[in-house]
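In the numbering used here, the protein residues as written are 3 to 430.
Beta carbons are placed, not taken as given, at the ideal position from N, Cα and C, and that holds for glycine.
Notes follow once the structure below has been shown.
Right, here's the structure in full:
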């Protein structure tokens, strides 16, 4: 009976919240609520522009703050006066309550776990994966060409980073389809639970991944190898607590492919929607691919927002922020801030980067896996331009039902004509 009452109360709160969001978004046209509606998911940038007109820092309906400013976002993400959880919640975490992944920790725990992950994701180590990534991308391009018509996400964008991060973690017989599904489910939950079905699906995905890593950790305790999970096992009890190990593994897996999957999807969409930019990439793939990656990450980043709690009273851009008050940093808006970028709404892979984009966040939570993501993206865009220059859209795009994570879940394409050899050369 208690479970039924609890479930009923949860459902009541859930659907009341959905109704409030729908009313605020569709009827009152409140910008933050509007971002959660279908028009907001389709084109958040028009809403960001309207929000920008109200100033660099504006209050939300929940009594917090939101910013579209690149300058203010960077201040919040870099200043140690802000953290990913309030001080009181930090105490709860010390007592074993709440999430245990480093993404949800302030220093010193965040620092301790980040130092443990850094060596395996150092740029020099990641460079050693170039040949593996090039072979994987070449094989995926072969399949796309052979199919003629294919879905970019399931055929190319998801299998690539999943294969690489599974190799880094030492996951045997990785199932890219299952991982892609679980990653999308967990990523969509970052916006909050919207239905009982989503809650059940999240519970199943979380359970599958936890079981996978519990079994893998047990295996690596018996049979260590040269992978990240084995390194975590070697550090258990000293640098990492037992309770932190499974959440750390799940974080590294999901973060290791979700950003790249969505960046490939967003990037191909942007390139094909701007034929002159696609032609510029195809004309000189090796030179232009790194530039295209940075412009894609600026123009349509896969992570659209994050936020921080004030750990102490703080004056932010002339506005008082109370201790424990939350500031939403709209990364997608910051990356098109006219104060930071010339022609911010123009997609131009030849642009001078100027300000650093915030697609990988900033400060102490700057994405630890960004060297791997960048290398995968460069090789992916270069290979697509070399091998599939006739690439074009073959149907409507289906987007994720999410606002924090942005990207297509289906993008039908036609391969066009192959004009170069299937062989992808390895670099010395």
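For residue 310, the CB contacts under 8 Å within the same chain, skipping 5 residues up- and downstream, are 78, 79, 84, 85, 86, 328, 329, 331 in chain order. Going by C-alpha positions, residue 52 is about 26 Å away from residue 312. Between residue 255 and residue 218, the C-beta spacing is not below 8 Å.
Contact between the stretch 348-357 and the stretch 105-113 is absent: fewer than three C-beta pairs spanning the two stretches fall below 8 Å. Residue 228 carries a coil assignment under DSSP once its states are collapsed to helix, strand and coil.
Taking 8 Å as the cut-off, the beta carbon of residue 341 is found no closer than this to the beta carbon of residue 162.
Looking at the DSSP output, residue 152 sits in a beta bridge with 415. For residue 183, the secondary structure class from DSSP, reduced to helix, strand or coil, is helix. About 7 Å separates the beta carbon of residue 305 from that of residue 261, a gap short enough to meet the 8 Å contact definition.
Residue nearest to residue 402 within the set 268, 82, 383 is 268 (criterion: CA-CA distance). According to DSSP, residue 238 shares a beta bridge with 242. Residue environment: residue 184 is assigned as buried (16 or more neighbouring CB atoms within 10 Å of its CB, all protein chains considered).
When secondary structure is reduced to three states using DSSP, residue 112 falls in the helix class. In this structure, DSSP gives residue 277 a helical state, which the three-state scheme calls helix.
Counting along the chain, residue 312 sits inside the beta strand (DSSP E) bounded by residues 308-312. The C-alpha of residue 205 lies about 26 Å from the C-alpha of residue 265. Taking the Cβ atoms as the reference, residue 361 lies roughly 15 Å from residue 50, outside the contact range of under 8 Å. Contact annotation: the stretch 225-234 touches the stretch 171-181, with at least three C-beta pairs closer than 8 Å.
Selection 34, 42, 203 evaluated against residue 64 yields 34 as nearest (Cα-Cα). Check the Cα spacing between residue 293 and each of 39, 364, 383, 186: the tightest is with 383. The three-state reading of DSSP puts residue 33 in helix, counting H, G and I together. Here residue 394 carries a strand assignment [DSSP, helix/strand/coil]. Under the three-state reduction of DSSP output, residue 348 falls in the coil class, being neither helix nor strand. Sequence-distant Cβ neighbours of residue 326 in its own chain, meaning closer than 7 Å and more than five residues away, are 88, 311, 312. Fully enclosed alpha helix (DSSP H) runs of no fewer than 4 residues occupy 333-336 of the stretch 320-368, in order along the chain. Residue 318: member of the beta strand (DSSP E) spanning 316-318, first to last residue. Comparing alpha carbon positions, the residue from 275, 370, 358, 283 closest to residue 398 is 275. At the C-beta level, residue 418 and residue 390 come within 8 Å of one another. Restricted to the stretch 112-141, the alpha helix (DSSP H) segments that are unbroken, complete and at least 4 residues in length are 125-129, listed in chain order.
Restricting attention to 370, 192, 323, the CA atom closest to the CA of residue 66 is found in 323. Here DSSP, grouped into helix, strand and coil, assigns residue 46 to helix.
The secondary-structure analysis by DSSP pairs residue 401 across a beta bridge with 410.
Here residue 406 is actually not in contact with residue 198; their C-beta atoms are around 21 Å apart, not less than 8 Å. Counting only residues of its own chain and dropping the five nearest sequence neighbours on each side, residue 315 has a CB closer than 8 Å to the CB of 322, 323, 324, 325. Per DSSP, reduced to three states, the secondary structure at residue 162 is helical. Taking 8 Å as the cut-off, the Cβ atoms of residue 154 and residue 270 count as close.
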